[in-house]
Amino acid sequence: MDTTINPNNMPHISEASVSVEIETEDMTLNIGPQHPSTHGVLRLVAKVDGEKISSVEPVLGYMHRGYEKLAEVRTYPQITTLVNRIDWVSGFANEIPFIAATEKLMEIDVPERAQHIRLILTEMARIASHFVFNGAYALEIGALTPIFLAMEDRERVLDLIESVTGGRFHPNFNRIGGVKPAAGAGPTTKKDIQDLPAGFYEETKIVMEKVLEGVDRFENLVGGNEVFRVRTKNVGIITKEMAEDYGVSGPILRASGVKFDLRSHTDFLPYDKFDFEIPVGENGDCYDRWYVRLVEMRESAKIILQAIDSMPSGPLQTKVPKVIKVPKGQSYVRTENPKGEMGFHVISEGGLGPYRLKIRTPSFSNISILPELLEGQLLPDLIAIMGSLDFVLGDVDR
Amino acid sequence: MSFGTEILIKVGVVLAFALNGAVIFTLMDVKGSAWMQRRPGPLHVGLRGFIFPLAEVIKFIQKEDIIPTKVDKTVFKLAPAFILFSVFGLFVVVPISPTLVVADLNLGVFYLLAISTISTLGVLTAGWSSANKYSLMGGLRAAGQLIAYELPLILAVVGVVIQAETMSLVGIVEKQIEWGLPFVIAGQGVAFVIFMIAATAEMMRIPFDMPIGESELVSGFMTEYSGIRFLIFYIAEYINMFVMCAIAATLFLGGYHIPLLPVEWVNFYGPVSLLTKTLLLGFILVLVRWSFPRFREDQLQNIAWKILIPLSLLNILITSVMKVVF
Chain G
1 MDTTINPNNM PHISEASVSV EIETEDMTLN IGPQHPSTHG VLRLVAKVDG EKISSVEPVL
61 GYMHRGYEKL AEVRTYPQIT TLVNRIDWVS GFANEIPFIA ATEKLMEIDV PERAQHIRLI
121 LTEMARIASH FVFNGAYALE IGALTPIFLA MEDRERVLDL IESVTGGRFH PNFNRIGGVK
181 PAAGAGPTTK KDIQDLPAGF YEETKIVMEK VLEGVDRFEN LVGGNEVFRV RTKNVGIITK
241 EMAEDYGVSG PILRASGVKF DLRSHTDFLP YDKFDFEIPV GENGDCYDRW YVRLVEMRES
301 AKIILQAIDS MPSGPLQTKV PKVIKVPKGQ SYVRTENPKG EMGFHVISEG GLGPYRLKIR
361 TPSFSNISIL PELLEGQLLP DLIAIMGSLD FVLGDVDR
Chain D
1 MSFGTEILIK VGVVLAFALN GAVIFTLMDV KGSAWMQRRP GPLHVGLRGF IFPLAEVIKF
61 IQKEDIIPTK VDKTVFKLAP AFILFSVFGL FVVVPISPTL VVADLNLGVF YLLAISTIST
121 LGVLTAGWSS ANKYSLMGGL RAAGQLIAYE LPLILAVVGV VIQAETMSLV GIVEKQIEWG
181 LPFVIAGQGV AFVIFMIAAT AEMMRIPFDM PIGESELVSG FMTEYSGIRF LIFYIAEYIN
241 MFVMCAIAAT LFLGGYHIPL LPVEWVNFYG PVSLLTKTLL LGFILVLVRW SFPRFREDQL
301 QNIAWKILIP LSLLNILITS VMKVVF
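Here the protein sequences come in this chain order: G and D. Going by my numbering, the first residue of the first sequence is number 1, and it counts up by one from there. Going by my numbering, the first residue of the second sequence is number 1, and it counts up by one from there.
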């Protein structure tokens, strides 16, 4: 059977999925675009024999919003608003690679304080994203309680992000050359502007304690549950070789035993100043992918607490021209997003906006492994495996 | 009092008991979930959440009853009735007190086990007639599940029947009064645990809700149902939960009787006693539902065939040996 996505094949696939007749032994089961577990509008055309899956074809594009094209007709400051919405679960982390790529092209040095604020908010976005994963994954396995606890925990972190940036999901807080003053702090032209809201440090410390508590609770409630263990252990194993071949990144890659984290390999943010561990899994199964993310939340909380204590003083922004024009050239910056490696390739012809913007999103590369991974699995395992990849459809389709 | 009037009164009381039980269990389930998940809705809204079941029923009645074009209409409409019939049928033999039982059949236990399988027929037909692949898979999963849990359920009850030397439910309770101890303490502890696990599988509650499996099969056999027909499934689920807990209380926990209380007054405290025991068992189910994920279908089969059935056979063996020896 031909399982590759071939444009000539497409009409045939859609026909097969509309038909309700069972023509052969294999039944075509159309999972999505409307299905509770596809994280939005992913569609999987699965050929199933009873509960067993013989082949799966992901069909993408139901949420294509054309951000790469849109960026070509917008100025650089306007694009920050767009890139927020790629992976909405961790909005802030999306801004960093684009801003960093533009700054690299303009050869701007960002003040240390702004870098620290960016780092703190990125890690908060990571915690928020992983909380959502934790809750949603348990829900997909069938446990109904964790999602409510996760949302409550996440809300505290989002409140912190909101108190600084004014937005829960789409902060739009980064500026080329630094960050915006805090929400409601007045115009940047004022002499002493308030960059972080009053009481932010104390509040953050309290919330991080709660986050660590929440992580412990998840480890007990979800990870300590025997049913969860039998459902996820040795299910959907991604070997080291497979992970490297498919170019998966982020926690999925690390769960397969590859110790690769862009936070310690590149210098897009000053991570080298802080002390943190990079969790690595052993088997590369669903449980490991879940556990790696859980430990990452602890490490992120640790980084935030360290960053709060060592916050340097100084300006929030370097001097940039009022109208931002980027010199001719190209730059590519990749960062460690909560879901994996995110990269922005900015090509400038010297105008007000980029000539071309290429976005490399983690979810898109990560779900490319699905057809191979799902072959021969059972239908409930499909949900377990798909959930463990933790993708967001906005991140897949852009 | 003529025979007809007596039956009518009994049916009325039992019906009221069942329907109110369902309402209480619904309330307990949502309140339990709210308590565990810190949901504000069922805890604070509308008289501290107590009129929640009423709002739920009104909501479902208001909704349009959609029947998709391609479904097998007759079967599609009949399926909820099958399930409701099955769960109400179970109530016929459950003794609320020695006299307050619709029919004290000699083969009460046999009747129970036979009639409880009818609900699977309802699930299967609902899944088949819906003309939806997800529903079909849900129905087939339910059928597969039936074979897996029905055997341990029956074998667990066989232990009780051997010990009580009767199949009448009133007889079983009277035997427990005679012994002075409920069967769960007097030898049938393992059987009780097996019965509760198998009953959870029959009710299709978490962790055995694979036929519904919201994250996998959208809602399984219930996917295409809406409005009042969905409400019937919904209520039947809770009545089923209530009656299974009442049966477990009767078989293993001494039913309407409380040890140390005088047997002559059992007609007065009987209903309260049975209700309390049922609610306690129901509370365990609520706790399990809101804290466990879902098993996989093959894992349920493994548990049933490799653990529950050998254990219940062993239980029968030990019970029989004890019966012969003493």
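Note that the Cβ used here is the ideal one computed from N, Cα and C, for glycine as well.
Name, please, each residue of chain G whose Cβ falls closer than 9 Å to the Cβ of residue i.
i, result
"I147/D", "By Cβ distance, chain G contributes nothing, its closest Cβ being about 15 Å from I147/D, past 9 Å."
Once you ignore the five residues that flank residue i on each side, which residues in its own chain have a CB closer than 6 Å to its CB?
i, result
"M406/G", "Since the first and last residues shown for chain G are 1 and 398, residue 406/G lies out of range."
"Y287/G", "T232, K233"
"M241/D", "F25, M203"
"G122/D", "A79, F82, I83"
"R356/G", "I347"
"N20/D", "none"
"L151/D", "I309"
"I147/G", "G135, L139"
Could you check whether the Cβ of residue i sits closer than 7 Å to any Cβ belonging to chain D?
i, result
"G186/G", "Only weak support is given to the placement of G186/G: the predicted model assigns it a pLDDT of 48, under 50, and the question is left unresolved by the model."
Leaving out five residues before and five after residue i in sequence, what residues of the same chain have Cβ atoms less than 7 Å from its Cβ?
i, result
"E224/D", "P68, V71, S130, N132, S135"
"L112/D", "L90, V93, I247"
Interface residues of chain D around residue i at Cβ under 9 Å?
i, result
"N225/G", "S291, F292, P293"
"I383/G", "G213, S215, E216"
"E123/G", "The contacting residues do not exist; E123/G stays about 26 Å from chain D at best."
"E162/G", "None at all; the shortest Cβ gap to chain D is about 21 Å."
Show which residues of chain D have a CB atom less than 8 Å away from the CB atom of residue i.
i, result
"S37/G", "S215, E216"
"L378/G", "R296, E297, D298"
"F148/G", "Q37, R38, R39"
"E244/G", "Simply none; closest approach about 29 Å."
"E375/G", "Correct list: empty, because the minimum Cβ distance to chain D is about 18 Å."
"S155/G", "According to the sequence provided, residue 155/G is Glu. The question's Ser does not apply to it. Chain D residues near E155/G: none, gap ~11 Å exceeds 8 Å."
Going along chain D, which residues have a C-beta under 7 Å from residue i?
i, result
"V230/G", "Q299"
"L212/G", "Within chain D, no residue comes near L212/G; the closest Cβ sits about 19 Å away, beyond 7 Å."
"E51/G", "E297"
"E152/G", "R38"
Does residue i come out as helix, strand or coil in the three-state DSSP assignment?
i, result
"A143/D", "helix"
"Q317/G", "strand"
"N106/D", "coil"
"A131/D", "coil"
"E336/G", "strand"
"E341/G", "strand"
"K180/G", "coil"
"I307/D", "helix"
"N30/G", "strand"
"Q299/D", "helix"
"R356/G", "strand"
"I22/G", "Note on I22/G: pLDDT 49, under 50, position unreliable in the model; no value is reported."
"Q188/D", "coil"
"S291/D", "helix"
"E375/G", "coil"
"G270/D", "helix"
"K77/D", "helix"
"N174/G", "strand"
"V48/G", "strand"
Step through the CB atoms of chain G and report whether any lies within less than 7 Å of the CB of residue i.
i, result
"M241/D", "no"
"P42/D", "no"
"P80/D", "no"
"F3/D", "no"
Note down, in chain order, every chain G residue with its Cβ under 7 Å from the Cβ of residue i.
i, result
"I206/D", "G142"
Whose C-beta lies closer than 8 Å to the C-beta of residue i among residues of the same chain, with five residues either side of it excluded?
i, result
"M1/G", "Confidence is the limiting factor: at M1/G the pLDDT is only 48, short of 50, which leaves the residue's position unreliable, though a coordinate-based value still follows. Around M1/G: K47, S54, S55."
"F60/D", "G227, I228, F230, L231, Y234"
"V392/G", "H39, G40, D87, W88, V89, K339, S363"
Residues within the stretch 132 to 144 of chain G neighbouring chain D, beta-carbon criterion of under 7 Å: Flagged, chain order: A138, L139, E140, I141, G142, A143, L144.
Interfacial residues, the stretch 261 to 276 of chain D to chain G, with Cβ spacing under 8 Å: Listed in chain order, the positions of the stretch 261 to 276 of chain D with a beta carbon within less than 8 Å of a beta carbon of chain G would be empty, since no residue qualifies.
Near-chain G residues of the stretch 307 to 324 of chain D - C-beta to any C-beta below 7 Å: So nothing in the stretch comes that close.
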